[in-house]
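Residue numbers (the working numbering), protein chains in the order written: chain A, 276 to 781; chain B, 174 to 610. Just so you know, even glycine gets a beta-carbon here, dropped at the ideal spot from N, CA and C. Note that this is a predicted model, so its numbers are computed, not measured. The structure under discussion appears below in the form of structure tokens.
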């Protein structure tokens, strides 16, 4: 079709660079040359690739002889020179290279640099530079002497001697000179840029009062007696020691806090493993722990302030976020044993005592309640379950006692049967436990466990009923049979007391 | 050469001190010519004076000297009726006539130079008067026809020799001790403090030797030129010697006094010292005594008294102050610590710390045994960070001023400061104080 150039011009592309084809040819031409120190036969064998061999075979070259030839000879001549730094025609002589032209600039003349001078007209002086205790003559003198001694202020102050002038301190002179220069720079038209003008102005910045004060400090520092210096050093050492002590104390206290309070100490670098978990619990726990900490370390506002700040809005906040706060122990002794670290509530789910566990489980199973499966262990639920278990345990205990008493009664009745029935009746009356007798009577028919549950004493209903009721409300579908539980009478407690009394008597 | 900023124009450096005149090329490390400042002379006889004017107008003056004896074989050689004098008093040139002769001797006779071919750098003490330096410039331009001239301060030059631009220069010479604060190569004139302290030490040593003690008799300080023969005697035994009768009669009082002073100086240099830690009788007693033999053959051991000599550099006992007051009706020259504290007090408080950190100890008198250590101990009490620069090389110590001149005179940047003959002709004397600040 068309060649590449045409395509490129069509597409508005830049012309192609040199094609790679000729590039490839070049090195082959260059490398065919035989390097020195290697025979032609060998080279034709090994080719141009082995460069290491070449360096080994190359003839050793001797160091080039130093050339002391006539070409490097430098001719010096003793000749007069003109110093650009001089105003007169003094011609001193020195040794110079003959090659360097005599009309060349003297090489040290360039170091003769002068600061720019500031001069002012009478008009400028009266307009700008008037000052109370400076005359124009003295200002002129000052400007001259500053120029003469290149603003070496110590020297200027030393040599300053204006006839009939006031005695001037170095700060006076500096202040006057700088203020004059500042004013002149400010008011005159400025050729350069603003930055350089500011730089120049800042170089003339002089705070006299500060300088005077500084000098005074230096003087007072020098005028200390050896005793004062010793005292100062002693005080300094003391301060250092106290600071060190304080630091150590703080560090130790922090360590202690970290050990005791863990993450709740609020210290930045507590090493914690379960940051995610504790993050949830921190809020609850902190308030509790803080009470203890505040007593402990009243000197650390760092720890106590954030709590105090957070308290007022906490109740609403807690409600919203389902946060339950347990009251801190009023007089918590901060020991390791008393410390309660963060925990999951599921760890707090109550279990019946191991000794009576099977019986409790059995009793609850009869009621159709499963205490092992607490789906939502909220604080309230846990509390309810706990009271349920307590009540069940009590029930079981009571039943046990009832059984024992029954047995006792039977034994005693059989004994009475042998001795006579009169005494037996007496005992029954003094006891006053009529309900128990009733119950006993029924229990005999249906078996023990059944009888306890079905006891129909309405004398007193214990909290277990309410507990079960609310428990049932929350776990509605699961505990349908809770109603039957509510019928359980806890008069047993009374009878238990009576029982023990009797036992003691007999 | 360029790297060091040097550019030698074959300038001469001439340093005139109380004890010697030093002259040499700028750029050298030691002066080529060192000649005593004292000179011997014969008073002109009334009729002979007229002849001398015609004979030798250069070397002697018609009024004062019939003949002058300068240099190595000048005052030290016995000549009948030869007087000895020193043109300097209190470190300043008081008599320009012999100074001219001394400089001519050093430059022309010893160095074999033509002064009209070399720019000359002179030195002056910090308390030199303007009249004095103008007179000096006049002599250089009018009599020596130098192409260029400069007069520099010895304090500044000593600081330069130590490589410092800012320093507190403590210069102890033969006659004068001075403390000069130098800032950026300029003398702070208000802080200058100086006194004729070495003279006091010298006269005290003279007094010790001359006056008898319980161990020994007073010592006769006859120069060996007046002694014909002597026999070796036991230590402390009276000397046995005979005078050269031919010379004794023709000896002048000034020559004898000059020689006595020289004997005392030699004794000081070889025997005297100062305790490094301040005066303490026990420490002084624990130092080994030293033996010294005088030209008469008399030999003695010197114990505590040799250490007492140097004590006057640092502390004046009340007894000495009183005896000095009785004799001269003035208070004795201030000791070194007083000079230093006076000097520093006159300086800016900000500057004191800098100066104390750059103390330069120089001058032949500072070679006194134990001087440097004692000074260090004295200063460190008030200035814990004091740093004293004192060259260990005695040449650098004695000719520090000349050495600094040699450095300055060979700097390329210095050559614009020379007062040229042209400027001298044009401006006259005013140019000197204008240029040499």
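* Go to residue 358 (chain B), then tell me how far its alpha helix (DSSP H) extends in each direction, as first and last residue. => No alpha helix (DSSP H) holds residue 358 (chain B); DSSP gives it neither H nor E.
* Asked: Closer than 7 Å, Cβ to any Cβ of chain B: which residues of the segment 470 to 497 of chain A, in chain order?
  -> Per Cβ criterion, the list reads 490, 493, 494, 497.
* So, is the C-beta of residue 363 (chain B) closer than 8 Å to a C-beta in chain A? -> Contact of residue 363 (chain B) with chain A is assigned, a C-beta pair being separated by under 8 Å.
* Asked: Since residue 464 (chain B) sits in a beta bridge, which residues does DSSP pair it with?
  -> According to DSSP, residue 464 (chain B) bridges with B:474.
* **Proximal residues, the segment 536 to 549 of chain B versus chain A, C-beta separation under 7 Å** => Result list empty, no residue passes.
* Asked: CB-CB under 6 Å to residue 634 (chain A), same chain, minus the five flanking residues each way: which ones, in chain order?
  -> Within the same chain, residue 634 (chain A) has close Cβ partners 671.
* Using only the heavy atoms of the ligand HEM, determine whether one of them is closer than 7 Å to the beta carbon of residue 343 (chain B). => In the structure on display, the ligand HEM does not appear, and there are no ligands present to speak of.
* Could you work out which residues of chain B lie near residue 349 (chain A), taking near to mean beta carbons separated by less than 8 Å? => The premise fails here: residue 349 (chain A) is roughly 13 Å from chain B at the closest Cβ pair, so nothing lies under 8 Å.
* Provide the residue(s) that pair with residue 241 (chain B) in DSSP beta bridges, ordered along the chain. => DSSP lists B:214 as partners of residue 241 (chain B).
* Find out if the Cβ-Cβ distance for the pair residue 293 (chain B), residue 370 (chain B) is shorter than 8 Å. => Result no, Cβ atoms of residue 293 (chain B) and residue 370 (chain B) do not sit closer than 8 Å.
* For the beta strand (DSSP E) containing residue 195 (chain B), list its first residue and its last residue. => In the DSSP annotation of this structure, the continuous segment of the beta strand (DSSP E) that includes residue 195 (chain B) starts and ends at 193 to 198.
* How would you label residue 501 (chain A), buried or exposed, when you count the other beta carbons within 10 angstroms and need 16 or more for buried? -> Exposed, by the Cβ-count rule.
* Say whether chain A places a C-beta atom closer than 8 Å to the C-beta of residue 328 (chain B). => No, because no Cβ of chain A sits closer than 8 Å to the Cβ of residue 328 (chain B).
* Quick one: does residue 558 (chain B) have its CB under 8 Å from some CB of chain A? -> Cβ-Cβ to chain A under 8 Å: no for residue 558 (chain B).
* Asked: What residue does the alpha helix (DSSP H) around residue 371 (chain B) start on, and which one ends it?
  -> It spans 370 to 383 - the alpha helix (DSSP H) in which residue 371 (chain B) sits, taken as one unbroken run.
* Is there a Cβ from chain B that is less than 8 Å from the Cβ of residue 503 (chain A)? -> No - not a single Cβ of chain B is within 8 Å of the one on residue 503 (chain A).
* To do: Say whether chain A places a C-beta atom closer than 8 Å to the C-beta of residue 442 (chain B).
  => Chain A contact via Cβ: absent.
* Answer yes or no: do residue 574 (chain B) and residue 330 (chain B) have a C-beta to C-beta separation smaller than 8 Å? => Contact flag set, yes.
* Asked: Going along chain A, which residues have a C-beta under 7 Å from residue 591 (chain B)?
  -> Those are 365, listed as they occur along chain A.
* To do: Pick helix, strand or coil for residue 573 (chain B), following the three-state DSSP scheme.
  => In this structure, residue 573 (chain B) counts as helix in the three-state DSSP scheme.
* **Residues of the segment 388 to 415 of chain A whose Cβ lies closer than 9 Å to any Cβ of chain B, in chain order** => The residues in question: there are none.
* Asked: Shorter than 8 Å from the beta carbon of residue 421 (chain A) to some beta carbon of chain B?
  -> Residue 421 (chain A) does not count as touching chain B.
* Anything in chain B within Cβ reach of residue 427 (chain A), meaning under 8 Å, just list it in chain order. => Contact annotation for residue 427 (chain A) against chain B: 356, 357, 359 [CB-CB distance below 8 Å, chain order].
* Would you report the Cα separation of residue 413 (chain B) and residue 436 (chain B), rounded to the nearest angstrom? -> Using only the alpha carbons, I get a separation of about 18 Å.
* To do: Report the option in B:348, B:356, B:316, B:307 whose CA atom is closest to the CA atom of residue 167 (chain B).
  => Chain B is shown from 174 up to 610; residue 167 (chain B) falls before or after that span and cannot be answered.
* Asked: Can you find a CB in chain B that lies within less than 8 Å of the CB of residue 342 (chain A)?
  -> No, no contact with chain B.
* What do you reckon, are the CB atoms on residue 483 (chain B) and residue 332 (chain B) nearer than 8 Å? -> No.
* If you draw a straight line from the alpha carbon of residue 609 (chain B) to that of residue 361 (chain A), how long is it in whole angstroms? -> Cα-Cα distance, rounded: 15 Å.
* Asked: What did DSSP end up calling residue 344 (chain B) once you bin it into helix, strand or coil?
  -> In this structure, residue 344 (chain B) counts as strand in the three-state DSSP scheme.
* To do: Report yes or no: is there a C-beta of chain B within less than 8 Å of the C-beta of residue 800 (chain A)?
  => This structure leaves residue 800 (chain A) out entirely; chain A is present only between 276 and 781.
* Where residue 603 (chain B) and residue 525 (chain B) are concerned, what is the direct C-alpha to C-alpha distance, given to the nearest angstrom? -> Taking the straight line from one Cα to the other gives about 33 Å.
* Name the chain A residues that come within less than 7 Å of residue 523 (chain B), Cβ to Cβ? -> Neighbours of residue 523 (chain B) in chain A, taken as residues at a C-beta separation under 7 Å, are given in chain order as 490, 493.
* To do: Note down, in chain order, every chain A residue with its Cβ under 9 Å from the Cβ of residue 605 (chain B).
  => Listed along the chain, the chain A residues whose CB falls inside 9 Å of the CB of residue 605 (chain B) amount to none; the nearest CB is some 15 Å away.
* To do: Go to residue 294 (chain B), then tell me how far its beta strand (DSSP E) extends in each direction, as first and last residue.
  => Segment 293 to 297, the beta strand (DSSP E) holding residue 294 (chain B).
* Looking at the C-beta of residue 376 (chain A), does it have a partner C-beta in chain B at a distance below 8 Å? -> Taking 8 Å as the threshold, the shortest C-beta distance from residue 376 (chain A) to chain B does not fall below it.
* **Interface flag, residue 360 (chain A) vs chain B, CB-CB below 8 Å** => Yes, contact with chain B.
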